[in-house]
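Peer 1: Shown below is the structure under consideration.
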Amino acid sequence: MPRFPSREWAEEFCRQLNSSQGYRRSARGWVWPMLFKIVLEGGESKGFVARLNNGVCEGVEWYEDASEADAPFILSGTLRDWLDVIEGKVGPIMAITRGKLKLEKGDVKKILRYPLAALEMVKAAQRVPAE
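When we follow the working numbering, the leftmost residue of the sequence shown carries the number 217, and every step to the right adds one.
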């Protein structure tokens with residue numbers, strides 16, 4: 217069972233996105249890779265870049281040190297904030313607008329045009345069994 221955050225979890229998340237017809241439909245038009253950065257206690261960050269293209273996850277690159285990674289969109293948050301989103305305690309768009317998840321790089325207006333895709337991403341994350 218993959219642990220969040222880990223390379224295995226990120227790879228399974230990508231597979232779950234690709235198995236989702238809802239994600240495929242709602243993310244049509246989104247063509248930018250996104251770095252999901254998870255900030256751990258002590259300031260260390262791990263994360264992955266998901267190569268997202270028109271409703272398809274074309275793969276992920278895992279980073280033990282996410283400060284070394286870059287992408288057109290970078291979304292970061294603490295482990296607890298990410299888990300709150302994945303567990304459905306707070307919606308992904310609300311997490312961004314309230315500052316729980318921070319858009320470090322990218323155009324927030326583009327993200328806000330894809331609220332259904334964001335919800336489908338959460339559903340895909342919820343289908344990834346995790347420790």
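Backbone N, C-alpha and C fix where the C-beta goes; we use that ideal spot for every residue, glycine too.
#1: With burial defined as no fewer than 16 other Cβ atoms inside 10 Å of the residue's Cβ, what is the status of Asp281: buried or exposed?
#2: Based on DSSP bridge pairs, tell me the residues matched to Thr313.
#3: Quick check on the burial criterion: 16 or more other C-beta atoms within 10 angstroms. Buried or exposed for Leu256?
#4: What do you get for Val324, buried or exposed, if any count of 16 or more other CB atoms within 10 angstroms of its CB means buried?
#5: Check whether the Cβ atoms of Asn270 and Gly245 sit closer than 8 Å, and answer yes or no.
#6: For Ala341, which residues of its own chain have a beta-carbon under 7 Å away from its beta-carbon, when the five flanking residues on both sides are left out?
#7: Out of Arg267, Val344, Glu336, which has the shortest C-alpha to C-alpha gap to Gly238?
#8: Does the distance from the C-beta atom of Phe264 to that of Glu277 stay below 8 Å?
#9: For Asp286, collect the residues of the same chain with a Cβ closer than 6 Å to its Cβ; drop the 5 residues on either side in sequence, then sort them by chain order.
#10: Comparing alpha-carbon positions, which option in Arg296, Leu233, Ala266 lies nearest Trp248?
#11: Could you please give me the residues that DSSP links to Trp278 through a beta bridge?
#12: Check whether the Cβ atoms of Leu328 and Ile309 lie closer than 8 Å to each other.
#13: Taking the continuous beta strand (DSSP E) assigned at Leu251, which residues delimit it?
Peer 2: Put simply:
#1: It counts as exposed.
#2: Thr313 pairs with nothing; no bridge assigned.
#3: exposed
#4: exposed
#5: yes
#6: Phe229, Ile302
#7: Glu336
#8: yes
#9: Nothing listed; no residue qualifies.
#10: Nearest in C-alpha terms to Trp248, of all of Arg296, Leu233, Ala266, is Ala266.
#11: Answer is Phe264.
#12: It is a contact, given that the beta carbons lie within the stated cut-off.
#13: 250-255
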